[in-house]
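Presented below is the structure to which this report refers.
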Amino acid sequence: MSSDMMVTLNNGMKMPIIGLGTYLTPDDVVPADVVAGIKAGYRYIDTAFIYGNHHGVGQGIAQAIKEGLVTREELFVTTKLWLTQFRPEAVKPAVQEMLKTLQLDYVDQLLMHWPCPMKNVEGKMEPETSVKITDTWKALEGLVDDGLVGISANVAGLRPM
């Protein structure tokens, strides 16, 4: 992708300005879509835990790399932490499971999919008031330090801590 189709982030990483979204794409269909997208020039792949298609997205990426269409370093992969995974002690295990399912060593960007933590109480989603989103943020920053995530961000746009 040409450099005029990229934005430089504040940490120096380059991110494509156009991405292939995978929302509502079934896990058995998404591998072919990812490969077709990469063949068409997409280098930014967007997915999320809640989409239920990490396995297929990972298959598509692996296939494209195996076919020599792209290297992992040429891709910018974003996924999202679901709102029930915001407890700081749950963040790293959740991301490690996502990476395993995606068949990746790291994601380029990890977002908090929702601006507030929630918990499942008898099948209903309720606010998780005991979790501070700044603590979740700190756990995400630890994943950057560990090399599992290139950058982390919150959709709600936290101020600097």
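Its first residue numbered 1, the sequence shown is counted upward by one per residue in full-length UniProt numbering. Ideal Cβ placement from N, Cα and C applies to all residues, glycine included.
Check: Name the DSSP bridge partner or partners of N120?
Finding: Per DSSP, M125.
Next item on the list: Could you check the C-alpha separation between L99 and V7 for me, to the nearest Å?
Entry: Using only the alpha carbons, I get a separation of about 25 angstroms.
Checklist line | Closest by C-alpha distance to V77, when choosing among K14, K119 and Q109 | finding: Distances from the alpha-carbon of V77 to those of K14, K119 and Q109 put Q109 closest.
Checklist line | T134 burial status per 10 Å Cβ neighbour count (16 or more: buried) | finding: It counts as exposed.
Item checked: Those runs of the beta strand (DSSP E) which lie wholly inside the segment 66-142 and span at least 3 residues -> Runs of beta strand (DSSP E) with 3 or more residues, each lying fully within the segment 66-142, are found at 76-81, 107-112, 118-121 and 124-127, listed in chain order.
Notebook entry, point to check: Is A64 near the ligand ADP, judged by its Cβ being under 7 angstroms from some heavy atom?
Noted result: In the structure shown, the ligand ADP is absent, as is every other ligand, since no ligand is present at all.
Check: Between V91 and M13, what straight-line distance do the alpha-carbon atoms span, to the nearest angstrom?
Finding: Cα atoms of V91 and M13: separation of roughly 23 angstroms, rounded to the nearest angstrom.
Next item on the list: Identify, in the order they occur along the chain, each residue of the same chain with its Cβ nearer than 7 angstroms to the Cβ of H55, setting aside the five sequence neighbours on each side.
Entry: The residues D27 and T101, in chain order, have a CB closer than 7 angstroms to that of H55 in the same chain once the five nearest residues on each side in sequence are set aside.
Notebook entry, point to check: Around the Cβ of P127, are there at least 16 other Cβ atoms within 10 angstroms (buried) or fewer (exposed)?
Noted result: P127 should be labelled exposed.
Item checked: Which of helix, strand or coil DSSP assigns to I18 -> Residue state, collapsed to three classes: coil.
Next item on the list: Could you pull the start and end residues of the alpha helix (DSSP H) that I38 belongs to?
Entry: That run of the alpha helix (DSSP H) goes V30 to K39.
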